[in-house]
Every structure is written in structure tokens, then in C-alpha cells.
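Undergrad: Below you will find the structure I want to go over with you.
Numbering (this note's numbering), first residue to last: 23 to 416.
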């Protein structure tokens with residue numbers, strides 16, 4: 023190893039020249055020969071690459087670790103520039119650019135370098151600092167490089183596994199969402215079938231029973247006891263008919279099939295206002311929207327869930343429902359004037375009603391935004407692309 027033979031200054035910034043109290047060390051304790059021997063020992067026995075270049079980019083010093091990685095002897099390497107020392111021109115040019123940046127900026131720089139060396143591709147964490155003479159003149163660059171190839175390979179492997187895990191999670195989430203919506207589709211079909219049976223079979227039976235009861239009254243018009251019994255039977259029969267219609271509507275809204283989403287929402291709001299006592303203010307389009315049949319029941323069910331949440335939690339007096347086409351999206355917006363949704367409930371992942379809303383919207387390619395209003399109340403905005411092609415429960 024070649025070492026500078028000029029004596030070091032008494033107060034060198036690179037060596038410790040004082041004890042723990044700040045008093046100067048005896049001159050023998052920072053003797054140049056002692057310091058030089060220490061530098062040789064450190065430089066020769068470290069695995070880090072240590073090098074020094076002048077302002078022209080010529081290599082003035084390289085420790086054994088650096089020479090080994092370059093695959094060159096001391097004599098062959100000294101005085102060489104980057105293009106002579108590195109097989110890849112891209113590596114050499116990048117190194118020279120970094121050196122110039124350090125010298126022009128007059129400050130240390132730490133960076134990662136991937137170099138193509140005789141022993142293979144290696145990655146280093148390199149710190150380069152400007153090198154000054156005793157008169158403050160810039161002499162070149164001093165650098166120390168630590169081989170971090172193994173760490174980078176481990177990081178890359180971990181990153182690849184993370185990406186693979188994320189892909190697996192996304193795939194399984196999509197499969198679960200597909201299964202959930204398939205189950206929901208089956209449920210909606212079963213509800214439709216039950217609603218149809220209630221309407222066709224039970225409805226016809228109840229109508230027939232009512233007609234026979236009326237006929238019996240004609241046969242026995244003067245029987246007071248019969249008139250009382252007949253009134254009671256008719257009252258019970260009316261309750262059964264009303265209950266059957268409610269079940270039929272809850273299973274499958276007839277208005278949705280007969281007239282479309284706009285009319286079904288208007289009917290739902292009228293019923294909701296009557297049951298809850300809330301003032302319902304619908305803002306619906308003049309005409310039925312050009313609705314893909316796969317979207318109507320999903321939006322209807324989402325509105326049912328939102329209104330259910332308003333009735334349970336909002337403590338509201340009024341609710342506004344807006345249905346409109348916003349550019350290429352179908353927008354369903356619900357605003358109430360209640361206390362506003364609590365943050366803990368909004369971010370609660372086990373709140374199944376809210377989770378169901380997000381799942382339905384996501385499956386249709388849309389999204390849902392829920393936020394509390396500054397003046398009170400909550401706004402729920404559901405936006406679904408009109409071009410959504412994903413199947414929706416029917």
C-alpha cells in the first residue's frame with residue numbers, strides 16, 4: 023500500500039488529536055508513523071472499497087478490496103480513469119457524473135451504484151466526499167463503498183414475495199366477491215320467485231276467499247251474529263292481504279319490474295316517509311333513466327340500506343334523495359339532516375351494512391363516498407359507471 027509520507031498537521035480533522043478532557047495528546051500518540059501504520063491496517067483489512075481520485079478523474083489510491091473487485095493490480099490501476107477501469111461504458115460515465123456532482127457541490131453524497139465487475143454484478147452503497155489540500159484547494163474525490171448486493175437481493179426477493187402475496191390476495195378477494203355476488207344473485211332470484219308465488223297463488227286464494235265470504239253474507243243478511251263475525255273475518259283478511267303485499271314488495275319491488283328504478287324509488291320513499299315520519303325530498307329525473315337491468319336492483323337495495331341506516335342512527339327530520347346521470351356515471355346521492363355519522367362507525371370494518379354498500383358498488387365498477395357534513399347530517403354518494411359490465415343481482 024502506498025502512503026503519503028508528508029507529516030500530518032497537528033490538528034488533523036481526520037484523526038483524534040485530544041483526549042476525553044479535550045487536552046492535546048502527547049506528540050508520540052499522534053506520530054505520523056503511528057497514524058500511517060493504523061491507516062494501512064484499516065485500509066488493508068476492511069472489506070469496504072476505499073479509493074481516491076484527482077480532479078481529472080485519475081485513480082490515485084485504491085485499497086486491496088477495491089483492487090480485487092476491479093480485477094487489477096496496483097500498478098495497472100493507478101492513474102486510470104473510469105472508462106479504462108470499468109468494462110461497461112454506462113457504469114464509467116455514471117461514476118464520472120457522480121464524481122463531478124460531488125466536486126461541484128463541495129459536499130458529501132451517498133448513493134447506490136450497481137456495477138458490472140469481473141466477478142459479476144454487484145451493488146454498493148457509496149459515500150463520496152470532496153478532497154481538499156492543506157490550502158483549501160480542491161484536489162479530487164475520496165470514496166468508500168460497502169457491498170450491499172446480498173441485502174439488495176434479499177430486499178428484491180422480499181418485494182417479489184410481497185407482490186405475489188398482494189396478487190394472491192387480490193385474486194382471492196375478487197373470487198370471494200364473485201362468489202358473494204353469485205349468492206346474492208341466487209337470493210334475488212329466489213325472492214323474485216317467492217314474490218311471484220305470493221302474488222299469483224296466495225293472492226288469488228285470498229281474493230277467492232273474500233268473494234266467498236261476501237257471498238255468504240248475501241245468503242244470511244239478517245243474522246246479527248254473522249254480521250259481527252263477518253266484519254271480524256274481513257278485518258283479518260284485509261290484514262293478511264296487506265301483510266302479503268308487504269312481503270311481496272320486500273322480496274321483490276313490483277314497481278321496479280313494472281315501471282323502472284325512478285318509479286320504484288319514488289314508491290320506496292313514500293313508504294319510508296310514512297313509516298319513519300321523516301320528510302322525504304326526492305329529486306328524480308323527469309323520465310326513466312336508460313337503465314341496464316343489471317343495475318336497478320343493486321341500486322334499489324343500496325338505497326334501502328342507506329334509508330335503514332338513516333332511520334336507525336341519524337336522528338334526522340328530513341332526507342333528500344337525488345338520482346341523476348352525472349357525465350358517464352349514474353349518481354345516487356342521499357343526504358340527511360341528522361347528527362352525522364361517527365368516525366369510529368365510518369371506519370369500522372365490521373359494520374356489515376357499510377361493508378355491503380362498498381362491496382355492491384365495487385362489484386359494479388363504481389364507488390361509494392360517505393362523509394359527515396360540517397353543518398350536521400351525513401351524505402352518501404354512490405356512483406356507478408353506466409358502461410358497467412359486471413353482473414348485478416336480479
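All C-beta atoms in this analysis are idealised placements derived from N, C-alpha and C, irrespective of residue type, glycine included.
Fully enclosed by the segment 55-124, which alpha helix (DSSP H) runs are 4 residues long or longer?
TA: The qualifying runs are 86-92, 96-99, 104-107.
Undergrad: In terms of residues, what are the limits of the beta strand (DSSP E) holding residue 481?
TA: No answer is possible for residue 481: it lies beyond the span of the chain, which begins at 23 and ends at 416.
Undergrad: So what does DSSP say about residue 390, is it helix, strand or coil?
TA: strand
Undergrad: Looking only at C-alpha atoms, which of 127, 86, 250 sits nearest to residue 70?
TA: 86
Undergrad: Using the Cβ count rule (16 or more neighbours within 10 Å means buried), how would you classify residue 163?
TA: buried
Undergrad: Among 362, 298, 324, 342, whose alpha-carbon lies nearest the alpha-carbon of residue 405?
TA: 324
Undergrad: Using three-state DSSP, classify residue 194 as helix, strand or coil.
TA: helix
Undergrad: In chain order, what residues of the same chain lie with their CB nearer than 7 angstroms to the CB of residue 110, ignoring the 5 residues before and after it?
TA: 138
Undergrad: Per the DSSP calculation, residue 347 is bridged to which residue(s)?
TA: 352
Undergrad: Just to confirm my understanding: we take residue 79, look at its own chain, exclude 5 residues before and 5 after, and list those with CB closer than 7 angstroms. What are they?
TA: 103, 104, 118, 121
Undergrad: Which residue marks the beginning of the alpha helix (DSSP H) containing residue 300, and which one marks its end?
TA: Segment: none, residue 300 is in no alpha helix (DSSP H) and carries neither H nor E.
Undergrad: Pull up the distance between the alpha-carbon of residue 355 and that of residue 195, whole angstroms please.
TA: 27 angstroms
Undergrad: Note the first and the last residue of the continuous alpha helix (DSSP H) segment covering residue 137.
TA: Looking at the DSSP string, residue 137 is not in any alpha helix (DSSP H); the run it does join, the beta strand (DSSP E), is 131-139.
Undergrad: Is it right to say residue 181 is buried, meaning 16 or more other beta carbons lie within 10 angstroms of its own, or is it exposed?
TA: By the neighbour-count rule (16 or more Cβ atoms within 10 Å), residue 181 is not buried but exposed.
Undergrad: Terminal residues of the continuous beta strand (DSSP E) containing residue 145?
TA: First-last of the beta strand (DSSP E) with residue 145: 142-154.
Undergrad: Helix, strand or coil, according to DSSP, for residue 282 in the structure here?
TA: coil
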